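**Student:**
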Amino acid sequence: MHPLLQVNNIRKMYGHRIGCTDVSFDLFPGEVMGIVGESGSGKSTLLNCLAGHLETDGGEVIFDTRDRGPVDTLTMSEPERRMLGRTDWAFVHQHARDGLRMSVSAGGNIGERLMAVGGRHYGNIRASAIDWLDRVEIEENRVDDRPSAFSGGMQQRLQIARNLVTGPRLVFMDEPTGGLDVSVQARLLDLLRGLVREMGLSAIIVTHDLAVVRLLADRLMVMKSGHVVETGLTDQVLDDPQHAYTQLLVSSVLQV
Amino acid sequence: MTASDPKSPPMIDIRDVSKSFTLHNQGSATIPVMEAASLAVAPGECVGLVGASGAGKSTLMRLIYGNYLAASGQILIGGLDVARAEPREILELRRKTLGYVSQFLRVVPRVSTLDVVAEPLLSVDTPADQARDRAASLLAELNIPERLWALSPTTFSGGEQQRVNIARGFAYDYPAMLLDEPTASLDARNRATVLGLIEAAKARGAAIIGIFHDEAARTQVCDRFIDVSAFSPRRAA
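Protein sequences appear in the order of chains A and B. Heads up, the first sequence stops at 256 in the working numbering, and the numbers go up one at a time, no gaps. Heads up, the second sequence stops at 1237 in the working numbering, and the numbers go up one at a time, no gaps.
#1: Alpha carbon to alpha carbon, how far is A/ARG126 from A/VAL32? Give it in angstroms, no decimals.
#2: Might you give, ordered along the chain, the residues of its own chain that have their beta carbon closer than 7 Å to the beta carbon of B/ARG1218, omitting 5 neighbours on each side?
#3: Considering only residues of the region 1111-1152 of chain B, which uninterrupted alpha helix (DSSP H) runs meet the minimum length of 4 residues and lie entirely inside it, listed in chain order?
#4: In angstroms, rounded to a whole number, what distance separates the CA positions of A/PRO147 and B/SER1123?
#5: Restricting to runs no shorter than 3 residues, where is the beta strand (DSSP E) found entirely within the region 1011-1074 of chain B?
#6: Indicate whether the contact test is met: 3 or more Cβ pairs, each with one atom in the region 1082-1091 of chain B and one in the region 1192-1212 of chain B, closer than 8 Å.
#7: Tell me the rounded alpha-carbon separation between B/LEU1076 and B/ILE1012.
#8: Where does B/ALA1217 fall in DSSP's three states?
#9: Of the choices B/TYR1100, B/ALA1042, B/SER1137, B/PRO1233, whose alpha-carbon is the least far from that of B/MET1061?
#10: Under 7 Å, do B/ALA1118 and B/ALA1140 count as touching if we go by C-beta distance?
#11: Check distances from the C-beta atoms of the region 26-40 of chain A to those of chain B and list, in chain order, the residues that come in under 7 Å.
#12: Leaving aside the five residues before and after A/SER24 along the sequence, list all residues of the same chain whose C-beta is less than 7 Å from its C-beta, in chain order.
#13: Give the secondary structure of A/ARG86 by DSSP, where H, G and I count as helix, E and B as strand, and everything else as coil.
#14: Excluding five sequence neighbours on each side, which residues of the same chain lie with their C-beta closer than 6 Å to the C-beta of B/PHE1156?
#15: Measuring CB atoms only, is the region 1008-1024 of chain B touching the region 238-253 of chain A, in the sense that at least three cross pairs come out at less than 8 Å?
#16: In the DSSP assignment, what residue or residues form a beta bridge with A/ARG17?
#17: Would a check of beta-carbon distances place A/GLN236 closer than 7 Å to chain B?
#18: Can you confirm whether B/TYR1172, when its beta carbon is compared against all beta carbons of chain A, has any partner nearer than 7 Å?
#19: What span of residues does the alpha helix (DSSP H) with A/LEU50 cover, start to end?
#20: Is it true that the region 167-175 of chain A meets the region 40-50 of chain A, where meeting means three or more beta-carbon pairs spaced less than 8 Å apart?
#21: Between A/VAL196 and A/GLY167, what straight-line distance do the alpha-carbon atoms span, to the nearest angstrom?
#22: Return helix, strand or coil for A/LEU238, following the three-state DSSP convention.
#23: Quick one: which chain B residues come within Cβ less than 8 Å of A/GLY286?
#24: So what's B/ASP1227 in DSSP terms, helix, strand or just coil?
#25: Is there at least one Cβ from chain A nearer than 7 Å to B/ILE1226's Cβ?
#26: Based on the DSSP secondary-structure assignment, which residues constitute the bridge partners of A/GLN6?
#27: Would A/LEU244 pass as an interface residue toward chain B - the criterion being a Cβ-Cβ separation below 7 Å?
#28: Which chain B residues sit within Cβ distance under 7 Å of A/ALA211?
#29: Quick check on B/CYS1222: buried or exposed, where buried means 16 or more other Cβ atoms within 10 Å of its Cβ?
#30: By how many angstroms is the C-alpha of B/PRO1032 removed from the C-alpha of B/GLU1092?
#31: Excluding sequence positions up to five away, which residues of its chain have a Cβ less than 8 Å from the Cβ of B/GLY1158?
#32: Relative to the alpha-carbon of B/LEU1105, which residue among B/LEU1138, B/ARG1168, B/PRO1175 has its alpha-carbon at the smallest distance?
#33: Taking all protein chains shown into account, decide if B/ASP1180 is buried (16 or more other Cβ within 10 angstroms of its Cβ) or exposed.
#34: Check the Cβ of B/LEU1091 against every Cβ in chain A and list those closer than 8 Å, keeping chain order.
#35: Going along chain A in order, which residues have a C-beta closer than 9 Å to the C-beta of B/GLY1066?
#36: Return no unless some Cβ of chain A is closer than 7 Å to the Cβ of B/ARG1110.
Dropping the structure here:
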């Protein structure tokens, strides 16, 4: 099996300060990797570098494209990268409003991504929008409502539907359950877990919540001060952490 | 090859495994917990781990499952060295080769009992109706009332959760299995069912390592015993 994504020596500086450095890993089809660390550890910087939202100061992000095979997305042409961002890649933001168009109906938010990849038939687009609303557990009769009329949890589910409707192969998620009530989080996690399995998605999930990665991630990368300090199978890293920082992180979680 | 063929290569082959924990945030104290652990289990064989509480029975099980990281040595399961394998290789091993029945069920909210039990089969691409049929027959065998099958086991009693966990652990025919106290706190009828499941797994050629506090149970299913105190690190004089 070939890796879907090969990340080599990614580096990002903010002036003299390290954003992240020496980050390398391979992600295989169907694999879900969690990136954990405290605020300022460089995990979101890394995710944004990988997704092409931030310019890097070195390294490669090689994606196995459908038509051309492995290509370094950091040196790809801008139109090509934009196309990738609408088809095979998806990005789920922590704040749903960053990933949604708040002035467009729920159905429109989902349909827009389909139209961007050439969908033209109104009836088909509306039907897939309704199908996706159902998959993320939003009632069909809300299809014409704007996301501003939705609760936080619903907005996040709508953002996920908008991202997954084009059948991406790689999904980047930045704190997908951050800022939601615990009960809403559980529902969203369960939904994400089902979708990831069902669609065979590869995903990179940044979070500071270890319960989220325990449930969703196959493997973990632990970051501190811009460096990767530990990697491994999720349950092994959480149950037998090797690095001092990971031990601190795991032991700091309150037991319920 | 029959299950009892003495020439069968071991399914589980543990060689010279050691384990220590380094507590970086407590003065970097290093605690050796296991040294030179070696054991092999052939297909169709059930080996019982014995030794006082704290001797390292569960630690050894966790090392074999890849949940703990071995400090040195080899842990070969069906030819894969768990001590060195990539996460995706270990996950594939857990899907197709190595099952683990622990005492506690880790449940995902909102997933029905029937699906919790069918999941190991679904994850190896068993057709859904076949997977659910197998799950249903195991749940019935373990006396989980049918009216509960559509509910999440989150709200079940401890005993019910344990039986759901056993059903899940035996849904797929793993060639190698780890059983951590599978009969603890079961009533006589369910205990007999579980022992029957273990014997059936042996008969189809599964290599099993188990921890059983219940002495009658272990004499019934185990072919031999390994005292893990033999793997305790020698204290420096």
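Glycine residues also receive a C-beta, built at the ideal position from the N, C-alpha and C atoms. Remember, it's a predicted structure, so these values are computed and weren't measured experimentally.
**Tutor:** Taking the definition as stated:
#1: Against the first sequence, residue 32 of chain A aligns to sequence position 32. Against the first sequence, residue 126 of chain A aligns to sequence position 126. Between A/VAL32 and A/ARG126, the alpha-carbon positions lie close to 30 Å from each other.
#2: Taking the second sequence and counting its residues from 1, the one referred to as residue 1218 of chain B is at position 218. GLY1048, PHE1212.
#3: Runs found: 1113-1122, 1128-1141.
#4: Working through the first sequence from its first residue, we reach residue 147 of chain A at position 147. Working through the second sequence from its first residue, we reach residue 1123 of chain B at position 123. Take the alpha-carbon of A/PRO147 and the one of B/SER1123: they are about 35 Å apart.
#5: Counting only runs of at least 3 residues, the region 1011-1074 of chain B fully encloses the following beta strand (DSSP E) elements, listed from N- to C-terminal order: 1012-1023, 1029-1041, 1046-1050.
#6: Short answer: they don't touch.
#7: For the purposes of this step, residue 1076 of chain B is identified with residue 76 of the second sequence, where counting begins at 1. For the purposes of this step, residue 1012 of chain B is identified with residue 12 of the second sequence, where counting begins at 1. In this model, B/LEU1076 and B/ILE1012 are separated by some 6 Å (Cα to Cα).
#8: The sequence position of residue 1217 of chain B within the second sequence is 217, counting from 1. B/ALA1217 falls in the helix class under three-state DSSP.
#9: Taking the second sequence and counting its residues from 1, one reaches residue 1061 of chain B at position 61. Taking only the C-alpha atoms, the option nearest B/MET1061 is B/TYR1100.
#10: Counting from one through the second sequence, the residue named residue 1118 of chain B turns up at place 118. Counting from one through the second sequence, the residue named residue 1140 of chain B turns up at place 140. For B/ALA1118 and B/ALA1140, no; Cβs fall outside 7 Å.
#11: Residues PHE28, GLU31.
#12: For the purposes of this step, residue 24 of chain A is identified with residue 24 of the first sequence, where counting begins at 1. Around A/SER24: VAL7, ASN8, ASN9.
#13: For the purposes of this step, residue 86 of chain A is taken as residue 86 along the first sequence, with counting starting at 1. In the structure shown, A/ARG86 sits in a helix (DSSP, three-state: H, G or I).
#14: Residue numbering aside, residue 1156 of chain B sits at position 156 when the second sequence is read from its first letter. Nothing listed; no residue qualifies.
#15: Yes: the two stretches touch, three or more of their Cβ pairs being nearer than 8 Å.
#16: As a first step, residue 17 of chain A must be located in the first sequence, where it is residue number 17. Paired residue(s): A/TYR14.
#17: Within the first sequence, residue 236 of chain A is the residue found at index 236, counting from 1. For A/GLN236, the answer is yes, since a Cβ of chain B falls inside 7 Å of its Cβ.
#18: The residue labelled residue 1172 of chain B in the question sits at position 172 within the second sequence. The beta-carbon of B/TYR1172 is placed no less than 7 Å from the nearest beta-carbon of chain A.
#19: By one-based count along the first sequence, residue 50 of chain A stands at place 50. Here the alpha helix (DSSP H) through A/LEU50 covers 43-50.
#20: These segments touch.
#21: In the first sequence, the residue the question calls residue 196 of chain A occupies position 196. In the first sequence, the residue the question calls residue 167 of chain A occupies position 167. A/VAL196 and A/GLY167: Cα-Cα distance of roughly 11 Å.
#22: Within the first sequence, the letter at position 238 stands for residue 238 of chain A. Here A/LEU238 sits in helix by DSSP.
#23: Any property of residue 286 of chain A remains undetermined from this structure, which presents chain A solely from 1 to 256.
#24: In the second sequence, counting from the first residue as 1, residue 1227 of chain B sits at position 227. Here B/ASP1227 sits in strand by DSSP.
#25: Stepping through the second sequence from its first residue, residue 1226 of chain B is reached at position 226. At a cut-off of 7 Å between C-beta atoms, B/ILE1226 does not count as an interface residue with respect to chain A.
#26: Translated into the one-based positions of the first sequence, residue 6 of chain A becomes position 6. Looking at the DSSP output, A/GLN6 sits in a beta bridge with A/ASP26, A/ILE62.
#27: Counting from one through the first sequence, the residue named residue 244 of chain A turns up at place 244. In the sequence as displayed, the identity of residue 244 of chain A is Ala instead of Leu. At a cut-off of 7 Å, the C-beta of A/ALA244 has a neighbouring C-beta in chain B.
#28: Mapped onto the first sequence, residue 211 of chain A falls at position 211. Residues of chain B whose Cβ lies closer than 7 Å to the Cβ of A/ALA211 do not exist; the shortest such Cβ separation is about 11 Å.
#29: Here residue 1222 of chain B is taken as the residue at index 222 of the second sequence, counted from 1. Looking at its Cβ environment, which holds 16 or more other Cβ atoms inside 10 Å, B/CYS1222 is buried.
#30: Taking the second sequence and counting its residues from 1, the one referred to as residue 1092 of chain B is at position 92. Taking the second sequence and counting its residues from 1, the one referred to as residue 1032 of chain B is at position 32. Going from the Cα of B/GLU1092 to the Cα of B/PRO1032 covers about 30 Å.
#31: Here the question's residue 1158 of chain B lines up with position 158 in the second sequence. For B/GLY1158, where only same-chain residues beyond five positions count, the Cβ hits under 8 Å are SER1185.
#32: For this step, residue 1105 of chain B is matched to residue 105 along the second sequence. In this structure, B/ARG1168 is the residue among B/LEU1138, B/ARG1168, B/PRO1175 with its C-alpha nearest to the C-alpha of B/LEU1105.
#33: Sequence index remark: in the second sequence, residue 1180 of chain B carries index 180 (1-based). Buried.
#34: By one-based count along the second sequence, residue 1091 of chain B stands at place 91. Simply ASP218, LEU233.
#35: In the second sequence, residue 1066 of chain B corresponds to position 66, counting from 1. Those are LEU233, ASP235, GLN236, listed as they occur along chain A.
#36: Mapped onto the second sequence, residue 1110 of chain B falls at position 110. Chain A, which has a Cβ nearer than 7 Å to the Cβ of B/ARG1110, makes this yes.
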